[in-house]
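Note that our numbering has the sequence shown beginning at -17, numbered continuously upward.
All C-beta atoms in this analysis are idealised placements derived from N, C-alpha and C, irrespective of residue type, glycine included.
One structure is given below, encoded as structure tokens.
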Amino acid sequence: MGREILFSKDGVHLYATDVEEGGGTVLTLALNRHGEKNVINPAHTSAIVSALDVADAHPRLRDTNDKAMIVTGLSLDDGASSSDPRPPPPKFFCNGLDLDWMMKNGDSVPSMIESFCSGVLA
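Shown next, in the form of structure tokens:
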């Protein structure tokens, strides 16, 4: 099974893994902005939407229904065992909306939430 990195920007990574048995592709959307606790703000929303746009337009994915997506707060390169020298994986997937950003940008909050809902949840 081969893994291809389709998108990587600002701590948002999209990987495609071919499934040998039965064919198809498994997509993994990894949110790895743990210094910022994966909070949802305009920068994070933009990166997620861009990754999803890459998946929609990618030639090997565009014309097939044989695909699935996993969304995780772990990077595929995060350490998984106690003998692994890499840091342990984070304790959470996402800490929700970026309250600091919201407090500083109150007038922009509705449009940011709309952007997230229409671009990510659609």
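Thinking C-alpha only, which one of the options is nearest residue i?
{"i": "L34", "options": "E18, A(-2), E2 and W83", "result": "A(-2)"}
{"i": "G101", "options": "P92, T27 and V53", "result": "T27"}
{"i": "K131", "options": "I22, E18, V53 and S32", "result": "Because the chain in this structure spans residues -17 to 104, residue 131 falls outside the shown range and cannot be described."}
{"i": "T10", "options": "T46, V1, P92 and D45", "result": "V1"}
Roughly how far, in whole angstroms, is the beta-carbon of residue i from the beta-carbon of residue j, given that I think they are within contact range, below 8 Å?
{"i": "M94", "j": "P24", "result": "5 Å"}
Specify, as a first and last residue, the run of the beta strand (DSSP E) that residue i falls within.
{"i": "T(-1)", "result": "V(-6) to D0"}
{"i": "T7", "result": "T7 to L13"}
{"i": "T54", "result": "K49 to T54"}
{"i": "I95", "result": "Unbroken run through I95 is the alpha helix (DSSP H), V91 to G101; no beta strand (DSSP E)."}
{"i": "K86", "result": "Per DSSP, K86 belongs to no beta strand (DSSP E); it is in the alpha helix (DSSP H), L81 to K86."}
{"i": "I22", "result": "That residue, I22, is in no beta strand (DSSP E); it is neither H nor E in DSSP."}
{"i": "F(-11)", "result": "R(-15) to K(-9)"}
Can you tell me where the alpha helix (DSSP H) holding residue i begins and where it ends?
{"i": "L43", "result": "P41 to R44"}
Open item on the list: When you compare the segment 33 to 51 with the segment 72 to 83, are there three or more beta-carbon pairs, one atom per stretch, that lie closer than 8 Å?
Closed with: no
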